Amino acid sequence: MIAKQLALPAFSLRHLHVWRRNSLVWRKLAVPSMLGNLADPMIYLLGLGYGLGAMLSDVGGMPYIAFLAAGTVCSSTMMSASFETMYSGFSRMHVQKTWDAIMNAPVTLDDVLLGEAVWAASKSMLSGMAVLLVAWGLGLLHSALALWVIPVVFLTGLAFAGMGLVITALSPSYDFFMYYFTLAITPMMLMCGVFFPVSQLPAALRALAQVLPLTHAVDLARPLMNGAVPGDIPLHLTVLAAYAIAGFYIALVLTRRRLLQ
Amino acid sequence: MSSLRATGLRKFYGEHEVVAGVDLELRPGECFGLLGPNGAGKTTTLRLCLGLIEPDAGEISVLGMPVPARAREARRRIGVVPQTDNLDPDFAVEENLLVYGRYFGLATDEIRARIPGLVQFAGLNGRTHSRIHTLSGGMKRRLTLARALVNDPDLVFLDEPTTGLDPQARHLIWERLRQLLAQGKTIFLTTHFMDEAERLCHRLAIMDNGHIIAQGAPRELIARHIEPQVVEVYGDGAERWARETGRRLSERCEQAGETVFCYTRNADPLVHELERHERLRYLHRPASLEDVFLKLTGRELRD
């Protein structure tokens with residue numbers, strides 16, 4: 032029984048049916064959903080970027096608004112993937128029993144969860160891209176290198192989808208998600224270089240920031256948006272991929288235990 | 054070849070054996086009912102047969118395929134109506150059928166061609182664009198049944214298909230299930246409504262505490278387990294009457310609350326006797342499956 036729960040995932044293209052289901056729901060509300068997703072990061076970007084930015088000289092070698100734009104692309108992606116896998120995912124798993132319905136058809140839980148993770152990453156990629164587009168509109172992007180941010184935010188979305196699905200698998204109710212937001216998401220917002228360089232942190236927090244996924248997403252996105260090739264690319268990609276893979280696997284084991292007993 | 058065969062099926066949850074050595078066989082084209090009080094292990098048995106959970110012991114074969122080893126393949130030819138509705142609330146009626154068909158790998162055109170027939174079957178003509186929350190309980194159940202047919206399955210699982218429905222809605226579901234049987238589909242249903250089982254099922258098994266305690270055709274079970282006539286007696290003094298007279302004039306006499314149930318081969322002497330008691334009311338009826346069920350599983354509440 033335990034061996035079965037710990038088995039490696041067996042994926043198939045059937046996960047696309049799950050992805051397609053979610054995208055069909057999203058398409059009905061695409062415009063308000065995108066605007067809603069964009070509102071929060073825009074308030075931070077414009078408010079802090081111009082307001083606070085006016086009082087600062089360059090931050091990290093660039094105008095503060097450009098510095099913040101790169102951070103906001105990543106934090107917006109993080110938020111979107113987390114909300115999708117947690118609140119929406121929990122609705123589908125626990126409240127609406129959508130996953131149960133799908134598993135009565137010839138689709139396995141492994142594919143349901145993969146479909147959910149890839150969907151959350153896709154949706155969060157759109158959120159990241161929306162901010163990227165605004166940054167371009169504000170004249171903050173300097174070269175076509177910025178287009179590499181798109182795959183970066185997709186991978187970032189996968190990393191946060193994996194973690195979000197873990198929390199969803201453990202959650203007895205919606206209230207539980209608040210702990211994750213308070214204890215994981217908010218600290219990452221503040222420690223991973225979104226609003227100010229990680230180098231401003233005391234040594235202990237700086238070390239902690241190095242093992243958090245958002246730091247690595249920001250370290251890739253910020254140079255790319257400012258026309259430079261990031262350093263340590265393999266390291267950043269590896270950390271993000273590790274969160275995506277480990278998160279997904281743990282979520283799968285926990286969800287098997289929750290639903291298939 | 055049988056449509057479904059389970060032998061020696063066991064499933065533990067911790068120390069508790071929920072399915073305790075179950076043997077089942079469904080013949081093609083029949084309606085087979087699994088009856089039992091709440092917590093008897095019916096739903097767990099269904100989930101085992103669908104390959105959603107693994108048995109701790111025993112073998113299952115569904116439509117010739119071993120389960121859970123090839124469960125996913127077997128489910129291509131199965132339709133499922135779950136106990137609680139899990140229609141997709143984000144979609145309208147038609148989209149529910151379309152999206153569900155895609156889970157079976159069916160092409161969009163193929164599903165679209167089937168939708169009018171399914172909508173008609175569900176009696177939802179004119180409601181194809183309605184959102185799920187605007188449908189009544191009966192409509193939702195019928196749509197769930199239609200959704201289970203989107204892949205044109207050979208075998209249909211129904212877990213308590215009419216629980217919570219009003220009589221009109223129940224009769225309509227029964228009528229639809231008879232249509233499916235007429236089309237040659239095999240039906241495996243769980244229920245705790247005896248009239249439902251008696252009307253629909255060719256054969257049934259009564260399950261309690263994880264065990265199958267009786268199996269056979271409804272009439273056969275009644276003939277085997279119970280006296281053919283029942284007289285129910287209510288009113289002040291029913292208990293005293295049972296003690297003094299009822300027990301003498303019937304083969305078996307049971308009391309549940311204020312009601313006395315007398316089981317007998319010949320009810321004439323009982324009825325004749327009861328005519329003389331003005332304060333007692335009575336109902337004389339043929340024995341039903343419910344009497345068998347209560348005899349075998351007892352009258353205590355199950356929660």
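Just so you know, the sequences run in chain order A and B.
If you're matching positions, the first sequence starts at 32 in my numbering and goes up one per residue.
If you're matching positions, the second sequence starts at 54 in my numbering and goes up one per residue.
Yeah, the Cβ is synthetic: ideal placement off N, Cα and C, and Gly gets one too.
This structure is a prediction, so every number in the text was calculated from the model and none was measured.
Label residue i either buried or exposed according to how many other C-beta atoms from any shown protein chain fall within 10 Å of its C-beta, with 16 as the threshold for buried.
i        : result
A:His46  : buried
A:Val62  : exposed
A:Phe42  : exposed
A:Trp167 : exposed
A:Arg58  : exposed
A:Ser113 : buried
B:His186 : exposed
A:Val162 : buried
B:Met54  : exposed
B:Tyr66  : exposed
B:Gln173 : exposed
B:Arg338 : exposed
A:Ser119 : buried
A:Met209 : exposed
A:Gly283 : A small correction: the amino acid at residue 283 of chain A is Leu; Gly does not occupy that position in the sequence shown. Buried is the call here.
B:Thr161 : exposed
B:Asp143 : buried
A:His247 : buried
B:Ala122 : exposed
B:Glu331 : exposed
A:Ser230 : exposed
A:Leu164 : exposed
Have a look at the DSSP bridge pairing and note the partners of residue i.
i        : result
B:Ala267 : B:Ile259
B:Lys64  : B:Val72
B:Thr317 : B:Gln282
A:Leu214 : DSSP lists no partner for A:Leu214.
B:Thr312 : B:Ala309
B:Ala110 : B:Arg63
Rounded to a whole number of angstroms, what is the C-alpha to C-alpha distance between residue i and residue j?
i        : j        : result
B:Ala250 : A:Thr217 : 56 Å
A:Tyr274 : A:Gly193 : 7 Å
B:Arg200 : B:Asn139 : 11 Å
A:Ala34  : B:Ala127 : 23 Å
B:Ile113 : B:Leu77  : 9 Å
B:Glu304 : B:Val313 : 13 Å
B:Arg334 : B:Val286 : 6 Å
B:Arg195 : B:Gly310 : 37 Å
A:Leu245 : B:Leu57  : 51 Å
B:Gly92  : A:Ala190 : 41 Å
B:Glu292 : B:Ala340 : 21 Å
B:Arg100 : B:Gly299 : 45 Å
B:Leu360 : B:Leu218 : Because chain B in this structure spans residues 54 to 356, residue 360 of chain B falls outside the shown range and cannot be described.
B:Ala276 : B:Thr137 : 34 Å
A:Ser64  : A:Ile181 : 19 Å
A:Ser88  : A:Phe185 : 32 Å
B:Pro81  : B:Thr239 : 6 Å
B:Gln282 : B:Ala320 : 6 Å
A:Phe226 : A:Gly278 : 26 Å
B:Lys64  : B:Val120 : 14 Å
A:Gly146 : B:Glu228 : 38 Å
How far does the beta strand (DSSP E) with residue i in it reach, from first residue to last?
i        : result
B:Val152 : Careful: B:Val152 lies outside any beta strand (DSSP E), inside the alpha helix (DSSP H) at 146-156.
B:Pro119 : 118-120
A:Asp250 : No beta strand (DSSP E) holds A:Asp250; the alpha helix (DSSP H) holding it covers 244-256.
A:Cys223 : No beta strand (DSSP E) holds A:Cys223; DSSP gives it neither H nor E.
B:Leu336 : 334-339
B:Leu211 : 208-212
B:Ala309 : 305-309
B:Phe85  : 84-88
Starting from residue i, follow the alpha helix (DSSP H) in both directions and report where the run begins and ends.
i        : result
B:Gln221 : 220-235
A:Gly168 : 140-168
A:Ile33  : 33-37
B:Cys102 : 95-103
B:Ile240 : No alpha helix (DSSP H) holds B:Ile240; the beta strand (DSSP E) holding it covers 239-244.
A:Ser64  : 61-77
A:Cys105 : 95-114
(request) Residues of the region 159-182 of chain B with a CB closer than 9 Å to any CB of chain A: list them in chain order, please. (result) none
(request) Could you list the residues in the region 96-129 of chain A with a C-beta less than 8 Å from some C-beta on chain B, going in chain order? (result) Gln127, Lys128, Thr129
(message) Along the region 62-83 of chain A, where does the CB come closer than 9 Å to a CB of chain B? Name the residues.
(response) none
(message) Using a Cβ-Cβ cutoff of 8 Å, what residues of the region 129-142 of chain A are near chain B? List them in chain order.
(response) Thr129, Asp131, Ala132, Ile133, Met134, Asn135, Ala136, Pro137, Val138, Thr139
(request) Select from the region 144-157 of chain B all residues with a C-beta closer than 8 Å to any C-beta belonging to chain A, and list them in chain order. (result) Phe144, Glu148, Val152, Tyr153, Arg155, Tyr156, Phe157
(request) With 9 Å as the C-beta to C-beta threshold (strictly closer), list the residues of the region 149-167 of chain A near chain B in chain order. (result) none
(message) Give me the subset of the region 105-121 of chain B whose CB atoms are less than 7 Å from a CB atom of chain A, sorted by chain position.
(response) Leu105, Ile106, Glu107
(request) With 7 Å as the limit, tell me which residues of the region 202-229 of chain B have their beta carbon closer than that to any beta carbon of chain A; keep them in chain order. (result) none
(request) With 9 Å as the C-beta to C-beta threshold (strictly closer), list the residues of the region 216-235 of chain A near chain B in chain order. (result) none
(message) Along the region 59-84 of chain B, where does the CB come closer than 7 Å to a CB of chain A? Name the residues.
(response) none
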